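Per our numbering, numbering through the sequence shown is continuous, rising by one, with the last residue being 222.
Structure, as structure tokens:
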Amino acid sequence: MLQQINSWLDWLLAGVDTGSLWMARAGGLLILLTVGLVTTEVLSRQFFGRSGVHATELTGYIMAISSSWAFAYTLMRKAHIRIDALYLTLPISVRGVLDLVAMLALALFCVLVVGAAFEVTLLSYTGGARANTPLGTPVWMPQLLWLIGLVWFSIAVVLLSLRVLFGLLSGNIEDVQKVAGSPTLDEQIGEENKEAA
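As structure tokens, this is what we get:
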């Protein structure tokens with residue numbers, strides 16, 4: 026039964042991985058849009074003495090949105106910064122337990138952040154809050170897009186936490202390492218060579 030649960034979670038995580046890739050790509054396009062906005066603003070100020078682009082406000086929203094949209098992709102690729110000098114010297118079973126503790130801590134963090142972000146977005150919407158800028162943007166709009174990225178990240182964290190938990194319960198420590206463990210330098214080099222080929 027645990028193997029069926031692990032297979033089902035692997036299937037869900039494959040979907041989350043694909044969705045995360047597309048969200049990260051969308052965030053990247055938003056950052057390219059930022060480059061265009063800033064360039065347009067600089068040129069219009071240089072040649073016309075003023076600008077109607079409002080790049081400062083828009084780029085702030087875009088940076089928050091694109092960052093939250095990339096969190097799940099970074100998690101799925103195990104690209105978050107980890108200090109693993111001691112971790113990699115421990116037995117694989119201990120590393121699996123530490124991976125579970127790390128995932129559960131990240132899940133707790135997500136609960137707190139998503140709860141706060143939801144509350145802020147809801148208050149902005151119900152209160153009709155607008156940015157104190159010439160655009161007067163209803164701030165719930167960028168906050169909602171930011172919240173979507175945080176919720177997607179939370180879904181990825183919860184599914185990954187469950188996969189690590191059920192992997193440990195079923196005794197598949199190697200699977201836990203593959204899914205959530207910190208890769209050794211040799212594994213990183215091997216992955217880079219595989220992608221380059």
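Note that CB positions come from ideal geometry on N, CA and C, so glycine has one too.
Everything numeric in this text was worked out from a predicted model, so none of it was measured.
Inter-residue CB distance, residue i and residue j (contact presumed, cutoff 8 Å)
i      : j      : result
Met128 : Val189 : 5 Å
Leu100 : Leu185 : 7 Å
Val139 : Gln168 : Wrong, their Cβ atoms sit about 12 Å apart, outside the cutoff.
Leu27  : Ser195 : 4 Å
Leu187 : Leu34  : 6 Å
6 Å CB neighbourhood of residue i in its chain, flanking five on each side removed
i      : result
Glu66  : Ser76, Val78 and Ala80
Thr158 : Glu82
Pro163 : Arg155
Ser69  : Ser76
Proximity below 8 Å, CB of residue i to CB of residue j
i      : j      : result
Ala132 : Val182 : yes
Ala154 : Trp171 : no
Leu193 : Gly85  : no
Ala97  : Phe191 : no
Thr59  : Ile90  : no
Tyr112 : Leu123 : yes
Neighbour-count burial assignment, residue i, 16 or more Cβ in a 10 Å radius
i      : result
Trp94  : buried
Asn31  : buried
Leu115 : exposed
Gly74  : exposed
Gly223 : The shown model of the chain, from 26 to 222, leaves out residue 223, and the question about it has no answer.
Ala142 : buried
Gly174 : buried
Leu62  : buried
Neighbourhood of residue i by C-beta distance below 8 Å, restricted to the same chain and skipping five residues each side
i      : result
Ser118 : Ile198
Ala39  : none
Leu11  : An answer regarding residue 11 cannot be provided, because it is not within the stretch 26 to 222 covered by the chain.
Ile180 : Val41 and Ala97
His105 : Thr99
Val136 : Ser179
Chain-order list of residues whose beta-carbon lies under 7 Å from that of residue i (same chain, five-residue window excluded)
i      : result
Asp211 : none
Asp109 : Ser207
Leu160 : His79 and Glu82
Does the stretch 43–52 come into contact with the stretch 199–219, if we say contact requires no fewer than three beta-carbon pairs (one atom in each stretch) closer than 8 Å?
Cβ pair count under 8 Å is below three, so no.
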